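Working notes, beginning with the structure itself.
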Amino acid sequence: MGGVKTFLILLRGINVGGKNKVPMAELKKCLEALGFSDVTTFIASGNVVLTSDRRTEEIAAQIEAALPKAFDLDSELIKVLVLTRDQLQAVVDDRPKGFGDEPDKYHNDAIFLMGIEAAEAMPVFNPREGVDRVWPGDGVVYSERLSAQRTKSRLSSMMTSPLYKSMTIRSWNTTVKLLEMLNAKGSRQES
-18 MGGVKTFLIL LRGINVGGKN KVPMAELKKC LEALGFSDVT TFIASGNVVL
32 TSDRRTEEIA AQIEAALPKA FDLDSELIKV LVLTRDQLQA VVDDRPKGFG
82 DEPDKYHNDA IFLMGIEAAE AMPVFNPREG VDRVWPGDGV VYSERLSAQR
132 TKSRLSSMMT SPLYKSMTIR SWNTTVKLLE MLNAKGSRQE S
């Protein structure tokens, strides 16, 4: 079947501050019931790798509709981003030079954008000189904070922006790990 692909599903707004609790085992069951296969979850921040022959938009719409029915959620916060393996690969490949290479010194995040462009998102970041740096990418904003100064970071000010609803943040470590998971699954399919 040429049509089956591996996708990364990023859920925004679950398991945050005791609200929108979604146990990963239940999430897996919910997605399997929707007909997705090979469903794997990774840590509780809402990362799912699955395979499907459906289109990206269709997958996002189905999951977004199913979640509030299956779980007790404030659906205002919930958003679903579906990425192909190639899209996630590009996020990792196109990172700024050296980004993520010094985890002891910097705290690096990928801020995935949902239906907005990086150019639109960039103005809501208010990086503090010498502490924060942000770079626009394709469907993503790369964010770096100097760990020793992270209390001085101003990056959290973006959480007050209405555009924050169109973003979901993953640590660089998680982002790279998710790509490894997708690659492992993808290579099994093609063999």
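If you count by the numbering used here, then the sequence shown holds residues -18 to 172, one letter each, in order.
In this text, a Cβ means the ideal position worked out from N, Cα and C, and glycines have one as well.
Note that the coordinates shown come from a computational prediction; the quantities given were computed from them, not determined experimentally.
### Query
So, helix, strand or coil for residue 83, using DSSP?
When DSSP states are grouped into helix, strand and coil, residue 83 belongs to the coil group.
### Query
DSSP on residue 138, reduced to helix/strand/coil?
Residue 138 sits in a helix when the DSSP states are folded into three classes.
### Buried/exposed call for residue -15, threshold 16 Cβ in 10 Å
In the assembly as shown, residue -15 is an exposed residue. Its beta-carbon has fewer than 16 other beta-carbons within 10 Å.
### residue 69 - containing beta strand (DSSP E), residue span
For residue 69, no beta strand (DSSP E) segment is defined; the enclosing uninterrupted segment is the alpha helix (DSSP H) at 66 to 74.
### Query
Would a check of beta-carbon distances place residue 9 closer than 8 Å to chain D?
Going by chain labels, chain D is absent from the structure shown, which holds only one protein chain.
### Message
What does the alpha-carbon distance come out to for the pair residue 70 and residue 8?
### Response
Between residue 70 and residue 8, the C-alpha separation is close to 25 Å.
### Message
In whole angstroms, give me the CA-to-CA distance for residue 78 and residue 50.
### Response
CA-CA distance, residue 78 to residue 50, rounds to 43 Å.
### Query
With residue 215 and residue 138 assumed to form a contact (beta carbons below 8 Å), what rounded beta-carbon distance in angstroms separates them?
In the structure as shown, the chain starts at -18 and stops at 172, and residue 215 therefore has no counterpart that could be examined.
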